[in-house]
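Working notes, beginning with the structure itself.
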Amino acid sequence: MGKTRLPAVEDWFTIDDEPRLIGTRCTQSGTYFFPPEHTMSRAPGFADSTLERVELSRTGTVWSYTNAGYKPPDPYIPVSDPFEPFVIAAVHLEAEQMVILGQCVAGVTVDDISVGTPMELVLETLYEDDDNEFVVWKWKPIATATPATGSENN
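Every number in the working numbering is 470 more than the matching position in the sequence shown, counting from 1.
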């Protein structure tokens, strides 16, 4: 029997074939929040508004990015020993008009992305125990087709 797949952080993302971040939306202002807001709307002038749970877009474009070349302090859980640098991307979600900051999947370097690169949300294993696989969400570049050059050898 396989391990049970669990989110490393409860109620922040769905666990399925096409994962999505879970956010909230202020019903009066239309403002989206991530992580989910459970107490009140942070939209100016709408503190008394109702919040609804929403699944956010699973794709967006790189707004900004950087390389994390140092090991973050605890409670960071390294996926490799010794520590390997990783990329952090701020991804713009068009429909929600918001930017979500998150780690990129293993193997992506700052040379692999640029501002405007299409990204998608995926899940990666953070750690495992005897019974469970704990997963987190990360950003992954969406593969794009190579444009045809128009020159074919006959």
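Ideal placement from N, C-alpha and C gives every residue a C-beta, glycine not left out.
For the set Leu476, Asn602, Met589, the Cα lying nearest the Cα of Val578 is the one of Met589.
Just so you know, the alpha carbons of Met510 and Glu598 end up roughly 35 angstroms apart.
Looking at the backbone, the Cα of Val575 and that of Trp607 are separated by about 9 angstroms.
Contact between Leu591 and Arg528 holds: their C-beta atoms lie close to 4 angstroms from each other, under 8 angstroms.
Here Ala559 has Val532, Tyr535, Cys574, Trp609 as same chain residues with Cβ atoms under 6 angstroms from its own Cβ, once five neighbours each way along the sequence are excluded. By the 16-neighbour rule on beta-carbons within 10 angstroms, Tyr502 is buried.
The Cβ atoms of Val605 and Ile485 lie closer than 8 angstroms to each other. Residue burial annotation: Gly530 is buried, with at least 16 other C-beta atoms found within 10 angstroms of its C-beta. Under the three-state reduction of DSSP, Arg512 is assigned to coil, being neither helix nor strand.
For Leu571, the pairing in a beta bridge is given by DSSP as Ala560.
Our two residues, Asp551 and Ile583, have alpha carbons roughly 25 angstroms apart in a direct line.
Every unbroken stretch of the beta strand (DSSP E) spanning 3 or more residues and falling wholly within the segment 485 to 558 is given here in chain order: 492 to 496, 521 to 525, 529 to 538. About 24 angstroms separates the Cβ atoms of Phe483 and Ser499, ruling out a contact at the 8 angstroms cut-off. Note: Val605 is bridge-paired with Pro477, Thr595 in the DSSP secondary-structure output.
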